[in-house]
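Engineer:
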Amino acid sequence: MFAAERRQLILEMVRANGAVSLRELARVVQTSEVTVRRDVRALEAEGLLDRRHGGAVLPGGFTRESGFPQKSHLATAEKTAIADLAAGLVDEGEAIVVGAGTTTQELARRLARVPGLTVVTNSLLVAQALAHANRVEVVMTGGTLRGSNYALVGSGAEQSLQGLRVSRAFLSGSGLTAERGLSTSNMLSASVDRALVQAAAEVVVLADHSKLGTDTMFQTVPTDVITRLVTDEPPAHDDRAATELQALADQGVQIAVAGAQGAPADTAPAPRRTRADMPLPAPRRAAGAGQLRSAVLAEPAGDRGVTARVADMRRR
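Just add 4 to wherever you are in the sequence shown, counting from 1, and you've got our numbering.
(1) Just to confirm before moving on: does the CB-CB distance between His53 and Ala60 stay below 8 Å?
(2) Just to confirm, is the Cβ distance from Leu121 to Leu210 under 8 Å?
(3) Apply the 10 Å Cβ neighbour rule to Phe6 and answer buried if 16 or more other Cβ atoms are within range, or exposed otherwise.
(4) Quick one: Cα of Gly51 to Cα of Ser193, how far?
(5) Going by the CB atoms, is the gap between Gly185 and Ile230 shorter than 8 Å?
(6) Which residue from Ser189, Lys215 and Val208 puts its Cα closest to that of Gln223?
(7) Spatial neighbours of Ala37 within its chain, please: C-beta separation below 6 Å, excluding the five flanking residues on both sides.
(8) Starting from Asp236, trace the beta strand (DSSP E) in both directions and tell me its first and last residue.
(9) In angstroms with no decimal places, state the Cα-to-Cα distance between Thr148 and Arg42.
(10) Please tell me whether Val208 and Ala173 are closer than 8 Å, where the distance is taken between their beta carbons.
(11) Leaving out five residues on either side along the sequence, give the residues of the same chain with a beta carbon under 8 Å from the beta carbon of Pro275.
(12) Please identify the residue among Ala131, Leu93 and Pro119 whose C-alpha is closest to the C-alpha of Phe105.
(13) Would you call Ser159 buried or exposed, if buried means 16 or more other Cβ atoms sit within 10 Å of its Cβ?
(14) Excluding the 5 residues preceding and the 5 following Leu200 in the sequence, name in chain order all residues of the same chain whose CB lies nearer than 7 Å to its CB.
(15) Between the Cα of Thr80 and the Cα atoms of Val225, Gln109 and Ala205, which residue gives the shortest distance?
(16) If I follow the unbroken alpha helix (DSSP H) through Gly160, where does it start and stop?
(17) Would you kindly work out how many angstroms separate the C-alpha atoms of Ala87 and Thr107, rounded to a whole number?
(18) Tell me whether the beta-carbon of Ala161 lies closer than 8 Å to the beta-carbon of Asn126.
(19) Alpha carbon to alpha carbon, how far is Val143 from Leu93?
(20) Go through its chain and collect everything with a Cβ distance to Lys83's Cβ below 7 Å, but skip five positions before and after it.
(21) Would a C-beta distance cut-off of 8 Å place Arg10 and Val33 closer than the cut-off?
(22) Skipping 5 residues on each side, what residues in its chain have a beta carbon closer than 7 Å to that of Val170?
(23) Since I believe Leu89 is in contact with Ala240 (beta carbons under 8 Å), could you give me their beta-carbon distance rounded to a whole number of angstroms?
(24) Applying the 10 Å Cβ sphere with the 16-neighbour rule, what's the burial state of Glu206?
(25) To the nearest angstrom, how far is it from the Cα of Lys181 to the Cα of Arg55?
(26) Grab the span of the alpha helix (DSSP H) containing Thr107 for me, first residue to last.
(27) Within 10 angstroms of the Cβ of Gly151, are there 16 or more other Cβ atoms? Answer buried if so, exposed if not.
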């Protein structure tokens, strides 16, 4: 494929999806990420798109939201690895909330095997993934259906969450930065996500590396409210994504990085706990001196198949 044809295809993908990772662009145009990065730079110089951490977005600084058909085909391997790792955080008998998104849909498919679980969600996709799980109770919010992502939004959804209290909220979004936290491109979705956060003692964000450093219009979860980020291992050349991860860790966010196998290399799965073994939900974390933080300790660059390790260390 000639350079002009490649660049036209790259431009069409970004226009259709709003934001696309370099890894996904390289897969579609069947070339290396080095070549794709060079093409993206050329298109950026012409003002046709903007480069972001590990990917490309529409020009103007803020990405627009893609619909479900486009999102479902993006970063599928990364979403699977993230969902595998995030599912290990959920214990038997817990009550959790799960927001809308293709990554949270992948998580829901794995939660079907957790006995005694109660899942509150505004996502039809999450509910569908759990519909045939005999030992999982699914509670759906009210609201108005937003067809682009099969989610219930609006005042009905927000009011149905009032007075709810669960142990954890699992959310995804369109972008994540250390400065603003999690954000999305739709005002109604952002408002419901904020209501989901208010119902949870802890907030777990699921975001693949292409969303790191991407900022969109509506903030949903400020950085100091995020308890944990579950993400995938950025490519070796993506220094900016690694920098963003460190900035998030510096603000007290616990970082869990999933590699090719979907779990940290030196972390064994914890045994499931019953409801009797579970402690009561802790108060929402607030940033402050002496709080534990997490740093990503990557494996040597020559062995990218090995998953990253996560180590806790005290704030300086």
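All C-beta atoms, glycine included, are put in the ideal place defined by N, C-alpha and C.
Structural biologist: If we stick to the structure as given:
(1) For the purposes of this step, residue 53 is taken as the residue at position 49 of the sequence shown. For the purposes of this step, residue 60 is taken as the residue at position 56 of the sequence shown. Note on identity: in this sequence residue 53 is Leu, with His being the wrong assignment. Cβ atoms of Leu53 and Ala60: closer than 8 Å.
(2) Walking along the sequence shown from the start, residue 121 turns up at place 117. Walking along the sequence shown from the start, residue 210 turns up at place 206. No, Cβ-Cβ distance for Leu121 and Leu210 is not below 8 Å.
(3) Position 2 of the sequence shown, counted from the first residue, corresponds to residue 6. Exposed.
(4) Position 47 of the sequence shown holds residue 51. Position 189 of the sequence shown holds residue 193. Rounded to whole angstroms, Gly51 and Ser193 show a C-alpha spacing of 30 Å.
(5) Taking the sequence shown and counting its residues from 1, the one referred to as residue 230 is at position 226. Taking the sequence shown and counting its residues from 1, the one referred to as residue 185 is at position 181. Contact flag set, yes.
(6) For the purposes of this step, residue 223 is taken as residue 219 along the sequence shown, with counting starting at 1. Of all alpha-carbon atoms in Ser189, Lys215 and Val208, the one lying nearest the alpha-carbon of Gln223 is that of Ser189.
(7) Translated into the one-based positions of the sequence shown, residue 37 becomes position 33. Note on residue identity: the sequence assigns Glu, not Ala, to residue 37. The answer, listed in chain order, is Leu26 and Ala30.
(8) By 1-based counting over the sequence shown, the position of residue 236 is 232. Per DSSP, Asp236 belongs to the beta strand (DSSP E) from Arg232 to Asp236.
(9) Locating residue 148 in the sequence shown gives position 144, counting from the first residue. Locating residue 42 in the sequence shown gives position 38, counting from the first residue. Approximately 43 Å, taken between the alpha carbons.
(10) Along the sequence shown, one-based indexing puts residue 208 at 204. Along the sequence shown, one-based indexing puts residue 173 at 169. In contact: Val208 and Ala173 (Cβ atoms closer than 8 Å).
(11) Residue numbering aside, residue 275 sits at position 271 when the sequence shown is read from its first letter. Note that Pro275 scores a pLDDT of 39, beneath 50, so its modelled location is shaky; the value from the coordinates is reported in the next line. Answer for Pro275: no residue qualifies.
(12) Locating residue 105 in the sequence shown gives position 101, counting from the first residue. Note on identity: in this sequence residue 105 is Gly, with Phe being the wrong assignment. When each option's Cα is compared against that of Gly105, the closest is Ala131.
(13) Mapped onto the sequence shown, residue 159 falls at position 155. So Ser159 counts as exposed.
(14) Here residue 200 corresponds to residue number 196 of the sequence shown, with the count starting at 1. For Leu200, where only same-chain residues beyond five positions count, the Cβ hits under 7 Å are Val101, Gly103, Leu165, Ala173 and Leu175.
(15) Your numbering for residue 80 matches position 76 in the sequence shown. If you compare the alpha carbons of Val225, Gln109 and Ala205 with that of Thr80, the shortest gap goes to Gln109.
(16) Position 156 of the sequence shown, counted from the first residue, corresponds to residue 160. Gly160 -> alpha helix (DSSP H) spans Ser159 to Ser164.
(17) Looking up residue 87 in the sequence shown gives position 83. Looking up residue 107 in the sequence shown gives position 103. If you draw a straight line from the Cα of Ala87 to the Cα of Thr107, it is about 7 Å long.
(18) Residue numbering aside, residue 161 sits at position 157 when the sequence shown is read from its first letter. Residue numbering aside, residue 126 sits at position 122 when the sequence shown is read from its first letter. Their beta carbons are under 8 Å apart, which means Ala161 touches Asn126 by this criterion.
(19) Here residue 143 refers to the residue found at position 139 of the sequence shown. Here residue 93 refers to the residue found at position 89 of the sequence shown. Going by the C-alpha atoms only, they are around 20 Å apart.
(20) The residue given as residue 83 occupies position 79 in the sequence shown. Excluding sequence neighbours, Lys83 sits near Thr106, Thr107, Glu110 and Asp212.
(21) If you number the sequence shown from 1, residue 10 lands on position 6. If you number the sequence shown from 1, residue 33 lands on position 29. Going by C-beta atoms, Arg10 is nearer than 8 Å to Val33.
(22) In the sequence shown, the residue the question calls residue 170 occupies position 166. Contacts found: Ala99, Ile100, Val101, Val124, Ala203 and Ala204.
(23) The residue given as residue 240 occupies position 236 in the sequence shown. The residue given as residue 89 occupies position 85 in the sequence shown. Contact flag wrong, Cβ pair sits at about 20 Å.
(24) Looking up residue 206 in the sequence shown gives position 202. Result: buried.
(25) Walking along the sequence shown from the start, residue 181 turns up at place 177. Walking along the sequence shown from the start, residue 55 turns up at place 51. A small fix is needed here, since residue 181 is Thr in this sequence, not Lys. Whole-angstrom Cα-Cα distance: 15 Å.
(26) Working through the sequence shown from its first residue, we reach residue 107 at position 103. Here the alpha helix (DSSP H) through Thr107 covers Thr106 to Leu115.
(27) As a working mapping, residue 151 is identified with position 147 in the sequence shown. Exposed, because fewer than 16 other Cβ atoms sit within 10 Å of the Cβ of Gly151.
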